[in-house]
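Undergrad: Residue numbers (this note's numbering): 4 to 146.
The beta carbon of each residue, even a glycine, is placed where N, CA and C say it ideally should be.
Below is a structure I'd like to ask you about.
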Amino acid sequence: TLCAAAGVAPPAGRALDGAAILPALEGRPVRRRRPLYWRYYNSLSRPTAALRAGRWKVLGIPDRAAPGPAGAAFDPRRDMDCIKHARLVEFELYDLQEDPAETVNLAGRQPRRLRHLKDRLVELYREVQAEGPVWPAGQDRTG
């Protein structure tokens, strides 16, 4: 958004997962090259990665959770292994237009849509996982 407002190109050679919102401020639609993606580990609910594409949202649940209590602050000594090495193993699919409260998991009824969105979610998850830093306190210093 700041690059668009300044009239300069965004940095090259980096995976950018955002979209400029300047068009929205001008009354035009925001165009995303990539679907909206996010992940969280220390939440009040279970750890999750999510991808939203239009009316559809797919959730991916990792094979390991941060070992701290739900809602605890990030602790690199405790949480880095989960963040850098977890794999998504369970998936849910929701139609946010028909079910904004996400009460009906459509994964079993929409296998083709789930497969497509799940593949994209896993791809983004791995990309962010690989690019993300390892905080110094999370590194093993025994060797």
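1. Roughly how far, in whole angstroms, is the beta-carbon of residue 54 from the beta-carbon of residue 38, given that I think they are within contact range, below 8 Å?
2. How long is the line joining the alpha carbons of residue 132 and residue 87, rounded to whole angstroms?
3. Excluding the 5 residues flanking residue 67 on each side, which residues of the same chain have their C-beta closer than 6 Å to its C-beta?
4. Report the partner residues of residue 60 according to the DSSP bridge assignment.
5. Measuring alpha carbon to alpha carbon, tell me which of 106, 58, 128 ends up nearest residue 51.
6. Alpha carbon to alpha carbon, how far is residue 32 from residue 106?
TA: On the basis of the data shown:
1. 5 Å
2. 6 Å
3. 85, 89
4. 55, 97
5. 128
6. 28 Å
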